[in-house]
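Enquirer: Numbering (the working numbering), first residue to last: 13 to 319.
Every residue gets a Cβ at the ideal spot worked out from N, C-alpha and C, and that includes glycine.
Mind looking over this structure? Questions follow.
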Ligand SMILES: [Zn+2]
């Protein structure tokens, strides 16, 4: 089975789980320590890639995982994990207690956006996780990694109301989930990710401003990888979000579909002007789900007008 694992300082491993069978789409992280942990597990269909990657590192058992939020590309495989390792503990927002034991609602919410067929084929079915395997996080909770090292859970809404980021005090890496947006290989800019129903600019910017106060050496994104220019990327994400909001505000008279066509051609010309190669541009465009982005932005604007 194909593998792509990168080792960073202080025993932080970036594992590509080949989401949708493609490289560079979803990274999970393993923090090696006397009391190790996974950050993210990826969707169900990626679970075999995760397990074979861990085995190649000599890791036969995983006792814990920290989940950034309840979207299926991040948590889809967690039921498989708990089935394989019966005492596996899942650290997640308290809504996990409600949804993971009976994940039908999560499944249906995403199926409404992507269709059930697409979801089953690309991400795979999610299995339930028993309540006894779930640890509901508290803001600023310290997860003990052993030998005085800890991973701090920081509540960070804006992308989703059930979002946590995780700060490793030793490597000074912040595992961002989807709080920042998307960065694919050879980009040093961030493409926003603003889905309904929770995207809210003010809340997201507060989160990003708070995270910027941390001493950061690296950001670990879910989509995709570890980056060593954290403060630049946070500023860039905010700038891109402002630009997207301003552009979409002016498309008021268009349907979601028509607006997404406009956004795509605007972005393509922006990315071309930045000198990005066409393969990377297509990667950004294909993975953004622009209908969803437009709905997320319009939902935010509407709520602001009629709170
Ligand atoms: Zn995601």
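(1) For residue 175, is the beta carbon positioned less than 7 angstroms from some heavy atom of ligand 1?
(2) Quick check on the contact list: which residues have their beta carbon closer than 6 angstroms to a heavy atom of ligand 1?
(3) Of all the options 126, 259, 65 and 70, which has the alpha carbon lying nearest to the alpha carbon of residue 26?
(4) Kindly identify the DSSP beta-bridge partner or partners of residue 177.
(5) Between residue 90 and residue 53, is the Cβ-Cβ spacing less than 8 angstroms?
(6) Hey, quick one: how far does the beta strand (DSSP E) through residue 26 stretch, first residue to last?
(7) Assuming residue 153 is part of the beta strand (DSSP E), what are its boundary residues?
(8) Below 8 angstroms on the Cβ atoms is my guess for residue 39 versus residue 237; work out the distance and round it to an integer in Å.
(9) In terms of alpha-carbon separation, which member of 175, 127 and 264 lies closest to residue 83?
(10) Does DSSP classify residue 102 as helix, strand or coil?
(11) For residue 93, which residues in the same chain have their Cβ closer than 6 angstroms to its Cβ, ignoring the five residues on either side in sequence?
(12) Classify residue 287 as buried or exposed, calling it buried when 16 or more other Cβ atoms lie within 10 Å of its own Cβ.
(13) Alpha carbon to alpha carbon, how far is residue 317 from residue 278? Give it in angstroms, no decimals.
(14) Decide if residue 185 is buried, meaning its Cβ has at least 16 other Cβ atoms within 10 Å, or exposed.
(15) What do you get for residue 212, buried or exposed, if any count of 16 or more other CB atoms within 10 angstroms of its CB means buried?
Expert: For this structure:
(1) Not under cutoff, so the answer is no.
(2) Spelled out in chain order, the answer is 83, 85, 86, 190, 234 and 235.
(3) Per the Cα distances, 65.
(4) Paired residue(s): 166.
(5) Yes, the Cβ-Cβ distance between residue 90 and residue 53 is below 8 angstroms.
(6) For residue 26, the uninterrupted beta strand (DSSP E) run begins and ends at 24 to 28, by DSSP.
(7) Element bounds for residue 153: 153 to 158.
(8) The C-beta distance from residue 39 to residue 237 rounds to 5 angstroms, short enough to fall under 8 angstroms.
(9) Closest by alpha carbon: 175.
(10) In the structure shown, the three-state DSSP call for residue 102 is strand.
(11) Cβ neighbours of residue 93 beyond the five flanking positions: 53 and 100.
(12) Looking at its Cβ environment, which holds fewer than 16 other Cβ atoms inside 10 Å, residue 287 is exposed.
(13) Looking at the backbone, the Cα of residue 278 and that of residue 317 are separated by about 26 angstroms.
(14) Residue 185 should be labelled buried.
(15) Around the beta carbon of residue 212, a 10 Å sphere encloses 16 or more other beta carbons of the protein chains shown; the residue is thus reported as buried.
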